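Chemist: 69 is the number that the working numbering gives to position 68 of the sequence shown; each next residue is one higher, with no gaps.
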Amino acid sequence: MSPARWAAYQTVEAVRNGTDLATALARARATLEDRRDRALAGEIALGVFRWRAALDHALGQLAKRRPDTLDPPILDILRVAAYQMLHLERVPAAAAVNDAVDMARRAGRTSAAGFVNGVLRSLGRRREALPFPSRPDAARLERSNGRELALDYLSVTLSHPRWLAARWLDRYGFDAAEAWARFNNAAAPLTLRANRLREDRETLSTRLAAHGVQTEPTRFAPDGLVVVDGNPLATPLAGDGSFVVQDEASQLVAMMAGGTSGERILDACAAPGGKTIALASAVGLDGLVVAADFRSKRIDLLAATVRTAGADRVRLIRSDLRRPLPFRAAFDAVLVDAPCSGLGTIRRDPDIRWRRDESNLAGLARDELTMLREASRAVRPGGRLIYATCSSEPEENERVVSAFLEAEPRFARADPRRGDSLRTPRVDEIAPVLDDTGALRTLPHLHGLEAFYAVILVHCEASC
2 MSPARWAAYQ TVEAVRNGTD LATALARARA TLEDRRDRAL AGEIALGVFR
52 WRAALDHALG QLAKRRPDTL DPPILDILRV AAYQMLHLER VPAAAAVNDA
102 VDMARRAGRT SAAGFVNGVL RSLGRRREAL PFPSRPDAAR LERSNGRELA
152 LDYLSVTLSH PRWLAARWLD RYGFDAAEAW ARFNNAAAPL TLRANRLRED
202 RETLSTRLAA HGVQTEPTRF APDGLVVVDG NPLATPLAGD GSFVVQDEAS
252 QLVAMMAGGT SGERILDACA APGGKTIALA SAVGLDGLVV AADFRSKRID
302 LLAATVRTAG ADRVRLIRSD LRRPLPFRAA FDAVLVDAPC SGLGTIRRDP
352 DIRWRRDESN LAGLARDELT MLREASRAVR PGGRLIYATC SSEPEENERV
402 VSAFLEAEPR FARADPRRGD SLRTPRVDEI APVLDDTGAL RTLPHLHGLE
452 AFYAVILVHC EASC
């Protein structure tokens, strides 16, 4: 049996039992010595979660029963094999089938081995003619059932939760929703941000090239590089603090927070620390960044990031933002990059689409509003409060902001394109990703980036 396929199965099983995909995959990969096996295990596991709805649709047709009625380990094994057979041309179908049968036995499901063999051999025969919902053309979309046809295609063929596809379809239209779903199903590139405490983007790119790593500048973020070829994490630069791994949309959130020399900034939900390092480079040697997080493991991760980056003007604290902070209103800026649904990061974390439900949003929004209120008490008069999420959904974004402003008349929404008082340098560089209200809103179908949101709120010195 291929160790990579077994590791992929173990990853899928661990996620089903409550572990997040990144953690489960790291554990499974740690058991593999060959880097090719590690790469294949990751490709299979990520692919299963990207295409789970389409895989289940095909398996249900072939098994002649609903996938959710199957024994969960058997369903996981079938998904792992089906993904390889439908999406990995270099993997022989016979090898995937044989290993799936062996996995069923190894998982203690010997009696189901024949069933697994039969379903997958049927898949091998019919994989070129499986009955997936087709893409509706303009005429079909205009029919009375056009919305349902669109959702069948988005939720099954493009493998997204129907409730989420419906939201994107209703807000942005079919073409945008389709582009968004396809964006999420593509592999995410590795994106770096140059640590300006050490060097600029151009210098970093040159140094990486000397180690065989080819990069190109990010489209919007001025310090970002997209890796085109090579592995920067396998170079000496990975350990010297020259860069942090950070998605471009996340880099833009740090730019919204701004920062100028001598400022005091609180990064209230700081781990893993990419935005903290960006803020530290902005405030310089005369400024101060206080980086806070709650869970001890995240504090450890944050401390390692700060130490490696050489961010001497960063101080760490452990704090739960759902409770009062141990600060008076002393900060020029407070960044609340709130824990959220993560629905804007499905491309990088494909399991999120299946771990979230529409009913989760209200509870998340309540916690986010609490965190925003507590953080606001640390902003000095005239200072700024930056609220950000990696969610695509309005409950966690503009509705949280509206509820906060209704309860806190001392604050007002600000547009970084107007006035220097916001202290957000390089405004022209982020202008293309600002919406009509001045909020940062990156969208896959418009910008080719994960769906992030950030807004600046100013603490008025008198009345707003």
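Idealized CB from N, CA, C, for every residue including glycine.
For clarity, every value in this text was computed on a predicted model and none was experimentally measured.
With DSSP collapsed to three states, give me the class of D421.
Modeler: Sequence index remark: in the sequence shown, residue 421 carries index 420 (1-based). Caution applies to D421, whose pLDDT of 48 falls short of 50 and renders its modelled position unreliable; the value that the coordinates give is listed next. Note: D421 maps to coil in three-state DSSP.
Chemist: From this set, V92, R308 and A269, which residue's C-alpha is nearest F332's C-alpha?
Modeler: Mapped onto the sequence shown, residue 332 falls at position 331. Out of V92, R308 and A269, A269 has the C-alpha closest to the C-alpha of F332.
Chemist: With distances taken from CA atoms, which of P190, Y154, N196 and T192 is nearest D176?
Modeler: Residue mapping note: residue 176 aligns to position 175 of the sequence shown, counting from 1. Considering only alpha carbons, the answer is Y154.
Chemist: Counting pairs of beta carbons, one from the region 269-279 and one from the region 299-314, are three or more of them closer than 8 Å?
Modeler: These segments touch.
Chemist: With contact counted as at least three CB pairs below 8 Å, one residue from each stretch, are the region 23-36 and the region 66-86 in contact?
Modeler: Because the criterion of three Cβ pairs below 8 Å is not met, the region 23-36 and the region 66-86 do not touch.
Chemist: Leaving out five residues on either side along the sequence, give the residues of the same chain with a beta carbon under 7 Å from the beta carbon of L60.
Modeler: Here residue 60 is taken as the residue at index 59 of the sequence shown, counted from 1. So the qualifying residues of the chain are P68, L79, A83 and V120.
Chemist: Whole angstroms is fine: what's the gap from A339's alpha carbon to V102's?
Modeler: Here residue 339 is taken as the residue at index 338 of the sequence shown, counted from 1. Here residue 102 is taken as the residue at index 101 of the sequence shown, counted from 1. The alpha-carbon atoms of A339 and V102 are separated by roughly 44 Å.
Chemist: Determine the direct distance from the alpha carbon of A415 to that of R374, and round the result to whole angstroms.
Modeler: The sequence position of residue 374 within the sequence shown is 373, counting from 1. The sequence position of residue 415 within the sequence shown is 414, counting from 1. One C-alpha to the other measures close to 17 Å.
Chemist: Excluding sequence positions up to five away, which residues of its chain have a Cβ less than 8 Å from the Cβ of E394?
Modeler: Mapped onto the sequence shown, residue 394 falls at position 393. The answer, listed in chain order, is R168, S342, L344 and L362.
Chemist: Output yes or no for whether 8 Å exceeds the beta carbon distance between R460 and V401.
Modeler: For the purposes of this step, residue 460 is taken as residue 459 along the sequence shown, with counting starting at 1. For the purposes of this step, residue 401 is taken as residue 400 along the sequence shown, with counting starting at 1. The sequence given here places His at residue 460; Arg does not occur at that position. Going by C-beta atoms, H460 is not nearer than 8 Å to V401.
Chemist: State the CB to CB distance for the pair L191 and V228, rounded to an integer number of angstroms; the pair is presumed to be in contact (CB under 8 Å).
Modeler: Numbered from its first residue, the sequence shown carries residue 191 at position 190. Numbered from its first residue, the sequence shown carries residue 228 at position 227. Indeed, because the Cβ distance is near 4 Å, the residues count as touching under 8 Å.
Chemist: For T192, report the span of its beta strand (DSSP E) as first-last.
Modeler: As a first step, residue 192 is located in the sequence shown; it is residue number 191 there, counting from the start. T192 -> beta strand (DSSP E) spans T192 to A195.
Chemist: Would you report the Cα separation of D421 and L193, rounded to the nearest angstrom?
Modeler: Sequence index remark: in the sequence shown, residue 421 carries index 420 (1-based). Sequence index remark: in the sequence shown, residue 193 carries index 192 (1-based). A caution first: D421 carries a pLDDT of 48, below 50, which makes its placement in the model unreliable, though a value can still be read off. So the two alpha carbons sit approximately 29 Å from each other.
Chemist: Inspect the beta-carbon positions of W181 and P382 and report whether they are closer than 8 Å.
Modeler: By 1-based counting over the sequence shown, the position of residue 181 is 180. By 1-based counting over the sequence shown, the position of residue 382 is 381. Cβ distance not < 8 Å, so W181 and P382 don't count as in contact.
Chemist: Runs of 4 residues minimum, wholly inside the region 197-263: which ones carry the alpha helix (DSSP H) assignment?
Modeler: Fully enclosed alpha helix (DSSP H) runs of 4 or longer: 202-210 and 249-258.
Chemist: Comparing C-alpha positions only, which one of T219, A440 and F50 sits nearest to R202?
Modeler: For the purposes of this step, residue 202 is taken as the residue at position 201 of the sequence shown. Nearest C-alpha to R202: T219.
Chemist: So who's on the other strand from A334, going by DSSP bridges?
Modeler: Counting from one through the sequence shown, the residue named residue 334 turns up at place 333. Its beta-bridge partners are I266 and R385.
Chemist: Among L209, I353, R6 and V16, which residue has its Cα nearest to the Cα of R37?
Modeler: To locate residue 37, count along the sequence shown from 1; it is residue 36. If we check each option's Cα against that of R37, R6 comes out closest.
Chemist: Would the region 18-25 and the region 316-331 be scored as touching if the rule is three or more Cβ pairs under 8 Å?
Modeler: Result no; under three Cβ-Cβ pairs closer than 8 Å.
Chemist: Where does V92 sit, in a helix, a strand or coil, going by DSSP?
Modeler: Looking up residue 92 in the sequence shown gives position 91. If DSSP states are grouped into helix, strand and coil, V92 belongs with coil.
Chemist: Buried or exposed: T12, going by 16 or more other Cβ atoms within 10 Å of its Cβ?
Modeler: Looking up residue 12 in the sequence shown gives position 11. Buried, by the Cβ-count rule.
Chemist: Mark S320 as exposed unless 16 or more other C-beta atoms lie within 10 angstroms of its C-beta, in which case mark it buried.
Modeler: Looking up residue 320 in the sequence shown gives position 319. So S320 counts as buried.
Chemist: Just to confirm, are A376 and E396 a CB contact at a threshold of 8 Å?
Modeler: Your numbering for residue 376 matches position 375 in the sequence shown. Your numbering for residue 396 matches position 395 in the sequence shown. Taking 8 Å as the Cβ cut-off, A376 and E396 do not qualify as a contacting pair.
Chemist: What is the rounded straight-line gap between the Cα of A389 and the Cα of P4?
Modeler: Residue 389 sits at position 388 when you count from the first residue of the sequence shown. Residue 4 sits at position 3 when you count from the first residue of the sequence shown. When rounded, the distance between both Cα atoms is 41 Å.
Chemist: Could you tell me the distance, in whole angstroms, from the CA atom of R126 to the CA atom of A95?
Modeler: Taking the sequence shown and counting its residues from 1, the one referred to as residue 126 is at position 125. Taking the sequence shown and counting its residues from 1, the one referred to as residue 95 is at position 94. If I take the Cα positions, the gap works out to 11 Å.
Chemist: Considering H161, what are the terminal residues of the beta strand (DSSP E) in which it resides?
Modeler: The sequence position of residue 161 within the sequence shown is 160, counting from 1. Neither: H161 is in no beta strand (DSSP E) and is coded neither H nor E.
Chemist: Please name the residue in N185, A166, L435 and F412 whose C-alpha comes closest to that of E462.
Modeler: The count along the sequence shown starts at 1 and reaches residue 462 at position 461. E462 has its Cα closest to that of F412, out of N185, A166, L435 and F412.
Chemist: Taking DSSP as the reference, what is the three-state secondary structure of F412?
Modeler: Locating residue 412 in the sequence shown gives position 411, where the first residue counts as 1. The answer is strand: DSSP assigns F412 an E or B state.
Chemist: For the beta strand (DSSP E) that contains I300, what are its first and last residues?
Modeler: Start at 1 with the first residue of the sequence shown, and residue 300 comes out as number 299. Segment S297 to A310 is the alpha helix (DSSP H) holding I300; no beta strand (DSSP E) there.
Chemist: Measuring straight from C-alpha to C-alpha, what distance separates E210 and R144?
Modeler: Here residue 210 corresponds to residue number 209 of the sequence shown, with the count starting at 1. Here residue 144 corresponds to residue number 143 of the sequence shown, with the count starting at 1. Rather than Glu, the amino acid found at residue 210 in this sequence is Ala. So the two alpha carbons sit approximately 54 Å from each other.
Chemist: Inspect the beta-carbon positions of G260 and A292 and report whether they are closer than 8 Å.
Modeler: For the purposes of this step, residue 260 is identified with residue 259 of the sequence shown, where counting begins at 1. For the purposes of this step, residue 292 is identified with residue 291 of the sequence shown, where counting begins at 1. No, they are not a contact pair.
Chemist: Measuring CB to CB, does I278 end up less than 8 Å from A312?
Modeler: Here residue 278 is taken as the residue at index 277 of the sequence shown, counted from 1. Here residue 312 is taken as the residue at index 311 of the sequence shown, counted from 1. Yes. Within cutoff.
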